[in-house]
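Shown next, in structure tokens, is the structure this report addresses.
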Amino acid sequence: MKIIHKIGELKSIVKSLNKTIGLVPTMGALHLGHASLIKKSVEENDFTIVSVFVNPVQFGINEDFDKYPRTLEKDAKLCEELGADIVFAPSADEMYQDTKELTLVCPPYSAINKLCGKSRPGHFDGVATVVSKLFNISKCERAYFGQKDAQQLFIIKKMVKDLNFDVEIVPCPIVRESDGLALSSRNSYLDEKARQEGLKLSKALNYAKELWQKGIKDRQVLCDSALKIMEGLDVDYVEIVNPETFEDWVETDKNALMLVAAKIPPTNTRLIDNLEL
Ligand code: PAF
């Protein structure tokens, strides 16, 4: 397995490959959730590229760009064990020659003016931009994304359709610890006490699902019940959407996806999670 830092080098490798290429875009600090994406790509493609890039353009000024965990050596070892062919780890200067005059890919307002997009202005422009660049650089046929970032997945699927990218987006299920905590690179910010608080997200979702299965379909009741379990957290949102459209769920919709986001005091770590009800 090779670690490549330069766009030109990766482009010239993929140009002469003549193989199906799977891309797993990541920001590194890989965990078993990422491992499941890499494994799937290795199974489904002749050649797997894992990108490891902490993308400055998707972080707000008061967010955790500087402290985001960077563990390239460990990440590369895991990628190699899982059978990836290339780790693409460019520097920010390599990816963004000119950040002041950057052309951005901007998802529609209706898709970003809710949930994570509402509290993280500019975030999804940064995600859509870097993912477009990675698609163009890697010439991938398939790209693998975790369902934990449900709004991101929705936006990327829409971008691929709207901009006619020849890339199949493969959604992969959330991987959880045995007690329900969804795996996230940001879990490394949590000490044991904060981790227990973080568990309230999955507990809230599971409780709402229990109510749903008992026949309670009132969005207010479901959201309030989840909120009650999340007491003590700095809750950003508890919402229920139609998973196909990401519009607010209404009673005539067949499927419902509940999404939650909260900061975990005192660490200020922002966690997200979701569950189909
Ligand atoms: O989900 C992530 O880790 C990032 O948002 C992504 C898709 C790698 C883009 O930087």
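For reference, each letter of the sequence shown is one residue, going 48 to 324 in our numbering.
Every residue, glycine too, gets a C-beta built ideally from N, C-alpha and C.
For residue 93, there is no enclosing beta strand (DSSP E), as DSSP marks it with neither H nor E.
Residue 127 sits in a helix when the DSSP states are folded into three classes. In the structure shown, the three-state DSSP call for residue 181 is helix.
Residue 203 is positioned such that its CB atom lies closer than 7 Å to that of residue 178. Residue 317 sits in a strand when the DSSP states are folded into three classes.
At a threshold of 6 Å, residue 183 does not count as near the ligand PAF, since its beta carbon sits no closer than that to any of the ligand's heavy atoms. Cα atoms of residue 241 and residue 317: separation of roughly 11 Å, rounded to the nearest angstrom. Around the beta-carbon of residue 321, 16 or more other beta-carbon atoms lie within 10 Å, marking it buried. Look at residue 224 here: in three-state DSSP terms it is coil, with no helix or strand label.
The ligand PAF approaches residue 72 closely enough that one of its heavy atoms is under 6 Å from the residue's Cβ. Residue 244 is classed as buried because its beta carbon has at least 16 other beta carbons within 10 Å across all chains shown. Short note on residue 234: C-beta not closer than 6 Å to any heavy atom of the ligand PAF. Uninterrupted alpha helix (DSSP H) stretches at least 4 residues long and entirely within the segment 135-178 occur at 139-142, 156-159 and 162-166, given in chain order. Assignment of beta-bridge partners to residue 219 by DSSP yields 193.
Between the alpha carbons of residue 199 and residue 68 lies a distance of about 22 Å. The alpha-carbon of residue 132 is positioned some 6 Å away from that of residue 96. For the 7 Å CB-CB criterion, residue 283 and residue 251 do not form a contact. No Cβ-Cβ contact shorter than 7 Å links residue 219 with residue 98. For residue 286, the enclosing beta strand (DSSP E) starts and ends at 281-288. Sequence-distant partners of residue 168 (beyond 5 residues in either direction) whose C-beta falls short of 8 Å from its own C-beta, in its chain, are 107. The beta carbon of residue 229 lies closer than 6 Å to those of 195, 221, 223 and 320 in the same chain, with the five residues before and after it left out.
In the DSSP assignment, no residue is bridged to residue 104. The distance from the Cβ of residue 103 to that of residue 139 is about 5 Å, consistent with a contact at the 8 Å cut-off. For residue 126, the CB contacts under 7 Å within the same chain, skipping 5 residues up- and downstream, are 48, 85, 97 and 134 in chain order. Taking 7 Å as the cut-off, the beta carbon of residue 70 is found no closer than this to the beta carbon of residue 197.
Excluding residues up to 5 positions away in sequence, nothing lies with its Cβ nearer than 8 Å to the Cβ of residue 257 in the same chain. Taking a cut-off of 8 Å on C-beta distances, the segment 158-174 does not touch the segment 48-65, as fewer than three cross pairs fall below it. Cβ-Cβ distances below 6 Å link residue 310 to 281 and 317 in the same chain, with the five nearest sequence neighbours on each side left out; the list follows chain order. In this model, residue 100 and residue 163 are separated by some 20 Å (Cα to Cα). Shown here, residue 246 sits in a helix according to DSSP, grouped into three states.
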